[in-house]
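Peer 1:
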Amino acid sequence: MIDHHPAAELLLDFATGAQPQALALAVAGHLEFCSACRNVVADLEAVGGALLETLPPAAISEGALDACLSRLDEQSAGRAPQCPCAPVRGRVPATLRPYLSGRLKALPWQSVGGFFDEVRLPPISSGYRVSLLRVAPTKHVPEHAHEGNEYMLVLAGGYTSGGRHYAVGDFSECAGDEAHTPVADAGEDCVCLLVLDAPLAFRDADGQRIGPLLAM
Amino acid sequence: MADVSDEWLQERIAAIAARRDRGAFAELFCYLAPRLQAFAQARGMSDRRAAEMARETMLLIWRKAAEFELGQTSPSAWLFAIARDKRVDLCRGEDRAHLAVTAPPGPSDDAGSGPAARGLAGRASGAVREALLVLDPKQRIVLEKAFVEDKTHLVIAAELGLPLDAVRSQIRLALARMRDALPVTRS
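Chains as they are written, first to last, in the working numbering: chain A, 65 to 280; chain B, 189 to 375.
This is how it looks when you write it as structure tokens:
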């Protein structure tokens with residue numbers, strides 16, 4: 065059961081295509097786990113279809129149809145259609161596969177100051193930092209606030225923050241001055257997709273050490 | 189060309205998928221291409237780029253017709269998703285192919301999925317178009333800026349001088365009102 069979902073405006077921005085790709089990745093990752101939000105996005109796409117069809121038609125040039133017909137036989141340069149598949153426990157979700165694939169355990173993890181591990185994805189949208197975090201059981205991410213927005217999607221394990229528990233598939237959005245100290249569940253590593261649009265503001269000495277390692 | 193029904197769209201997509209029917213494609217083109225061009229122009233694309241966007245989207249529809257599955261979504265929503273992805277590709281150079289999530293309900297899934305349980309997505313697009321008419325002008329403007337002009341909720345809030353919470357509630361209200369406005373059908 066998924067308890068924490070992206071806010072309505074994030075699903076809207078995803079469905080319209082206006083969302084920067086880095087953030088759309090986190091939303092799409094959540095959709096892999098959550099049929100309720102998939103249904104909302106499907107509804108929004110139906111609204112998009114209705115709005116597209118009610119647009120006053122533009123005047124198209126006379127040869128437009130013939131130009132298009134003459135290109136129908138061109139070979140498609142496109143890739144094979146994506147196989148619709150449910151997320152597989154312990155593996156990178158399908159939406160991240162252009163960047164990372166395989167088993168979560170086998171990714172090129174790098175330690176961040178001994179507190180947690182990270183795999184940084186290549187730059188996807190300007191102004192965004194996208195990475196996977198892995199926090200060992202019962203360990204925590206040092207207390208921090210946010211200069212911008214922090215979006216997290218749980219891919220394995222779970223964590224507790226601010227009295228709320230986040231399990232696989234849960235999505236969270238944090239912003240602003242309210243500091244938090246996420247603590248991983250006992251029992252297994254917690255792996256999350258982390259999308260930031262500004263640096264984290266760490267509070268204590270531990271945080272000061274790792275802050276520069278998470279620079280934008 | 190006036191509005192068409194879902195059946196009309198489905199028949200043409202199916203004819204393209206089944207037998208590469210150029211006549212069906214030409215009919216679809218005459219209906220959709222002018223609207224796709226308007227969709228691109230609303231985003232601020234030049235006439236030349238908008239024509240390119242309409243053409244490229246039509247070519248994608250030709251190639252992807254076999255992927256359309258009735259029951260997953262309405263033809264109108266399917267066509268919108270192709271047009272949206274092409275516009276994002278042409279305007280921002282981003283490939284959304286891997287973001288198309290079509291996962292079937294899995295073990296971690298919530299109950300109540302499937303087209304039958306869906307609101308607007310499983311419904312005839314004519315009914316969805318009519319449901320648009322029940323919206324307040326404010327709600328309609330938010331949706332048009334979002335879908336047609338390709339603006340984020342942040343940009344929309346700034347343009348309308350609304351707090352973010354108000355934009356969020358307009359989105360929720362708009363969807364709820366449209367779902368309520370759909371004619372009752374047997375499930």
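All residues carry an ideal CB built from backbone N, CA and C; glycine is no exception.
(1) So which residues of chain A does A239/B contact, with C-beta pairs closer than 8 Å?
(2) Would you call the region 187-194 of chain A and the region 197-207 of chain B in contact, with 3 or more CB pairs under 8 Å?
(3) Go ahead and label G310/B buried or exposed: buried means 16 or more other beta carbons lie within 10 angstroms of its beta carbon, across all protein chains shown.
(4) Touch check for the region 249-267 of chain A and the region 218-232 of chain A: three-plus C-beta pairs under 8 Å?
(5) Enumerated in chain order, which unbroken segments of the alpha helix (DSSP H) with a length of 4 residues or greater are wholly contained in the region 226-252 of chain B?
(6) Counting only runs of 3+ residues fully inside the region 168-222 of chain A, write out the beta strand (DSSP E) ranges in chain order.
(7) Can you give me the C-alpha to C-alpha distance between E225/B and D253/A, rounded to a whole angstrom?
(8) Using the rule of at least 16 other Cβ atoms within 10 Å of the residue's Cβ for burial, across every protein chain shown, is V355/B buried or exposed?
(9) Between the C-alpha atoms of A254/B and L133/A, what's the straight-line distance to the nearest angstrom?
(10) Give a yes or no on whether 8 Å exceeds the smallest Cβ distance from E332/B to chain A.
(11) Return the residue from the list S125/A, D137/A, A150/A, P186/A that minimises the CA-CA distance to R251/B.
(12) With the cut-off set at 8 Å, would you say L89/A and G177/A are in Cβ contact?
(13) Find the nearest neighbour of V104/A within the set L116/A, P70/A, P84/A, judged by alpha-carbon distance.
(14) How would you label Q327/B, buried or exposed, when you count the other beta carbons within 10 angstroms and need 16 or more for buried?
(15) For chain B, check one thing: does any of its Cβ atoms lie closer than 8 Å to the Cβ of L103/A?
(16) Can you list, in chain order, the residues of its chain whose CB lies under 7 Å from that of V336/B, leaving out five sequence neighbours each side?
(17) Over the uninterrupted beta strand (DSSP E) stretch that includes H229/A, give me the two end residues.
(18) Please list, in chain order, all residues of the same chain as L267/B whose beta carbon is under 8 Å from its beta carbon, the five residues on each side excluded.
Peer 2: According to the structure shown:
(1) I124, S125, A128
(2) no
(3) buried
(4) yes
(5) 235-252
(6) 174-176, 180-184, 193-199, 208-210, 213-220
(7) For clarity, residue 225/B is Gln in the given sequence; the question names Glu instead. About 49 Å.
(8) buried
(9) 18 Å
(10) yes
(11) D137/A
(12) no
(13) P70/A
(14) buried
(15) Before going further, note that residue 103/A is Asn rather than Leu in the sequence given. Yes, N103/A counts as interfacial toward chain B.
(16) F227, A230
(17) 228-230
(18) L197, L220, I249
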